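Only one structure is covered here, and it is reproduced in the block below.
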Amino acid sequence: MSQPAVKTKNLTELSPGGTHFGTKLKDRMFQAGVLVWFSLFALVIIYPMFWLVISGFKSNSDFFLNTWSLPEEWHWGNYISAWDAGIGHFFLNSVLVTVVSVLAVVVLGSMAAYGLSRFQFRGQNILLILILSGLMLAPQVSLIPLYKLLQGLGLYNTYWALILPYVAFQLPFSIFLMRSYFLSIPRELEESAIIDGCNSWKVYWHIIIPMGKPIIASCALLTGMNVWNEFMFALVFVEDSSLRTIPVGLMNLRSQLNTNFGIQLAGLAISALPMVIAYIIFQKQFVRGLTAGSVKG
Amino acid sequence: MIKTFRNRRTALLYIVPALLLILFFVFLPIVLNLYNSLFRWNSFDAGRTFVGLKYYVRLFQDPVFLIALKNNSLYAIISLVFQVGGGLIIAAILEDKLIRRFQPFFRTVFFIPSVISIAVVGLLWQLLYNPEVGLVNGALKAIGQAEWGRSWLGDSEVAIYAVVAVSQWQYTGYMAMLFLIAMQKIPLEYYEAAMIDGASKIKTFFNITVPQIKEMLLVGSVITVIGAFKVFDEVYIMTFGGPGRSTEVLGTMLYRAAFRNDEMGYASTIGTVVFVITLVLSLIQMKLGKSGQEV
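Order-wise, the sequence lines are chains S and C. The opening residue of the first sequence carries number 17 in my numbering; numbering runs sequentially from there. The opening residue of the second sequence carries number 19 in my numbering; numbering runs sequentially from there.
So this is what it looks like as structure tokens:
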């Protein structure tokens with residue numbers, strides 16, 4: 017199931033020789049046309065984000081008068097004001113919730129995937145199907161019952177009200193990915209380890225985990241991204257502004273800073289940055305995870 | 019087979035922690051939701067009255083439900099055209115030998131929006147659509163079409179399209195990436211054979227590329243449609259169902275019933291409808307995924 021990340025095939029040896037002047041001209045026009053089209057599309061994607069970061073440096077009047085141009089004066093203070101106006105707090109909440117959720121998903125998920133990929137026992141398939149069918153359920157359906165459930169448990173309006181549902185909803189997909197990958201790890205090593213007297217925990221810890229690192233990294237990144245970006249649960253399960261994570265915090269900020277666009281945009285830029293940076297650094301792991309299961313967050 | 023791996027109790031020790039969390043926080047709520055939808059109740063009152071299927075009857079007569087279904091379907095159709103259709107074409111062109119050396123740049127750029135949270139994207143686009151300061155009207159003005167400009171999110175005729183457009187902006191590159199990876203598994207010999215036969219690019223696309231990535235195309239289509247029926251964040255953030263109820267989708271309708279009108283039973287009914295729709299689509303996806311493995 018684990019697929020190689022995108023790579024560029026080298027096909028130059030297949031070029032048709034291009035002796036014919038007509039084909040060459042046609043190729044050139046095709047190439048030019050596509051490049052213009054794709055560059056425009058790239059511009060439509062990049063420019064709003066660039067505009068977001070740049071406008072974050074503008075004073076309010078500058079923002080209204082010179083929508084398109086660079087700031088007349090670079091207000092670094094906007095970013096600090098946004099941080100102080102609440103983004104900093106939301107940011108730290110998001111970091112906390114994301115880190116705990118990712119750790120829990122990686123530990124519990126890899127254990128379950130190990131149990132489901134190495135052990136053979138009666139009822140195994142039922143357990144597997146049960147866990148994987150968690151992939152099919154839309155979070156919206158659980159919104160109201162979970163809200164009541166969390167209230168009943170006294171967890172409503174705490175970090176746990178976010179962490180526990182996040183972990184539970186991310187586990188099926190991570191187990192699915194990790195199990196497929198673990199199945200592809202050759203068993204000779206484990207068998208000799210067991211003959212040497214290792215128990216199953218040692219096999220898990222010293223063989224499966226080290227060899228499963230690539231898929232664990234992908235799962236951690238995907239879970240991290242989904243949790244960092246999650247909006248609906250964060251909106252409903254937490255009430256105190258002091259517990260808010262970034263996506264909902266940004267909504268608060270919008271009403272609070274109603275007209276101060278520079279600071280608002282600075283806040284948006286701060287919120288988007290970690291994921292964009294993580295994606296650019298770990299592109300391979302991101303793409304492997306996203307495509308291995310073809311499930312959109 | 020080694021004995022260590024035949025011990026059922028040991029196996030369960032590894033599996034049960036995750037399983038319990040899933041059962042309790044994912045499955046139990048689904049069952050509770052079905053049960054909840056049969057009662058009239060609200061969030062701060064302990065009492066509840068059994069109403070049977072009354073809310074289901076009411077839902078199917080609710081004109082807003084029709085609007086929501088229409089908007090979710092519109093979401094699905096437009097996303098199929100742009101994300102699946104557009105993504106497929108983009109991926110095929112990126113794999114063309116004349117474009118391939120630019121591929122790493124474009125695929126990276128096109129993919130970026132899909133890693134940003136919908137909250138950030140929604141708030142950003144709300145500003146871009148702003149009739150006074152937004153770039154959208156600004157851009158129209160710059161190309162001499164100022165009269166096309168309008169209050170994109172404030173006009174009930176176009177608001178839903180404006181919201182749907184943001185999703186296309188965000189996820190077309192993601193779909194293109196999925197298709198790219200499927201295309202890179204197509205054996206090169208197929209293309210060599212087509213080239214020797216002198217087949218045109220378009221012919222090669224329809225006769226080799228599309229049939230070879232058929233499974234991924236189907237799975238991608240189903241994911242897109244499921245996503246369209248789960249839509250919530252972007253609508254909540256950009257329009258909250260308005261102006262009027264013109265951009266209402268099932269997700270915002272559920273939220274409004276539950277947390278604005280405090281009609282928890284009615285909201286649960288909407289939850290059931292979402293459950294049925296996404297379940298059926300997911301079963302289709304699983305079936306397609308399976309047939310993909312057999313091929």
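Yeah, the Cβ is synthetic: ideal placement off N, Cα and C, and Gly gets one too. The structure presented is a predicted model; accordingly, all values stated were derived computationally and were not measured.
For residue 96 of chain C, the enclosing alpha helix (DSSP H) covers residues 81-97. Judged by DSSP secondary structure, residue 191 of chain S falls within the alpha helix (DSSP H) whose first and last residues are 176-199.
Listed along chain C, no residue sits closer than 9 Å to residue 115 of chain S by beta-carbon distance, the nearest being about 17 Å off. Buried is the label assigned to residue 186 of chain S, since at least 16 other Cβ atoms lie within 10 Å of its Cβ. Per DSSP, the unbroken alpha helix (DSSP H) holding residue 144 of chain C starts and ends at 136-146.
DSSP places residue 57 of chain C within a strand segment (E or B) once states are collapsed to three. Short of 6 Å from the beta carbon of residue 240 of chain S, and not among the five residues preceding or following it, lie these beta carbons of its own chain, in chain order: 114 and 118. At the C-beta level, residue 108 of chain C and residue 192 of chain S stay beyond 9 Å of one another.
Of all residues in the segment 83-110 of chain C, none comes within less than 7 Å of chain S when Cβ atoms are compared.
According to DSSP, residue pairing for residue 68 of chain C in a beta bridge involves C:57.
At a cut-off of 9 Å between beta carbons, residue 253 of chain C makes no contact with chain S. C:288 is the residue among C:266, C:288 and C:31 whose C-alpha sits nearest the C-alpha of residue 276 of chain C. Judged by DSSP secondary structure, residue 222 of chain S falls outside any alpha helix (DSSP H); it is assigned neither H nor E. When secondary structure is reduced to three states using DSSP, residue 151 of chain S falls in the helix class.
The straight-line gap separating the alpha-carbon atoms of residue 134 of chain C and residue 231 of chain C is approximately 28 Å. Listed along chain C are 138, 141 and 142, each with a C-beta nearer than 7 Å to that of residue 284 of chain S.
Annotated as distal: residue 35 of chain C and residue 158 of chain S, with beta-carbon spacing of 9 Å or more. CA-to-CA, the gap between residue 247 of chain S and residue 215 of chain S works out to about 42 Å. Residue 227 of chain S has a beta carbon lying at 9 Å or more from every beta carbon in chain C. Boundaries of the alpha helix (DSSP H) around residue 187 of chain C: 177-201. Taken atom to atom, the span from the alpha-carbon of residue 45 of chain S to that of residue 189 of chain S is near 44 Å. The straight-line gap separating the alpha-carbon atoms of residue 271 of chain C and residue 137 of chain S is approximately 45 Å.
Rounded to the nearest angstrom, the gap between the Cα atoms of residue 180 of chain S and residue 123 of chain S is 14 Å. In the three-state reduction of the DSSP assignment, residue 276 of chain C falls in the helix class.
Residue 198 of chain C and residue 113 of chain C do touch by the CB rule: their CB atoms are close to 7 Å apart, below 8 Å.
DSSP, read as helix, strand or coil, puts residue 171 of chain S in coil.
Taken in chain order, the complete alpha helix (DSSP H) segments of 4 residues or longer contained in the segment 90-162 of chain S are 93-98, 104-134 and 140-149.
With respect to residue 266 of chain C, residue 85 of chain C sits close: the two C-beta atoms are nearer than 9 Å. For the 9 Å CB-CB criterion, residue 163 of chain S and residue 243 of chain S do not form a contact.
Sorting S:184, S:249, S:228 and S:168 by C-alpha distance to the C-alpha of residue 133 of chain S places S:228 at the top.
For the 9 Å CB-CB criterion, residue 297 of chain C and residue 153 of chain S form a contact.
At least 9 Å separates the beta-carbon of residue 131 of chain S from that of residue 184 of chain S. For residue 159 of chain C, none of the residues of chain S pass the 9 Å Cβ criterion, the least Cβ distance being about 10 Å. At a cut-off of 9 Å between beta-carbon atoms, residue 150 of chain C makes contact with chain S. Residue 125 of chain C is a Cβ neighbour of residue 194 of chain C, given a cutoff of 9 Å. Contact between residue 286 of chain S and residue 128 of chain S does not hold, since the beta-carbon distance rounds to 35 Å and is not under 8 Å.
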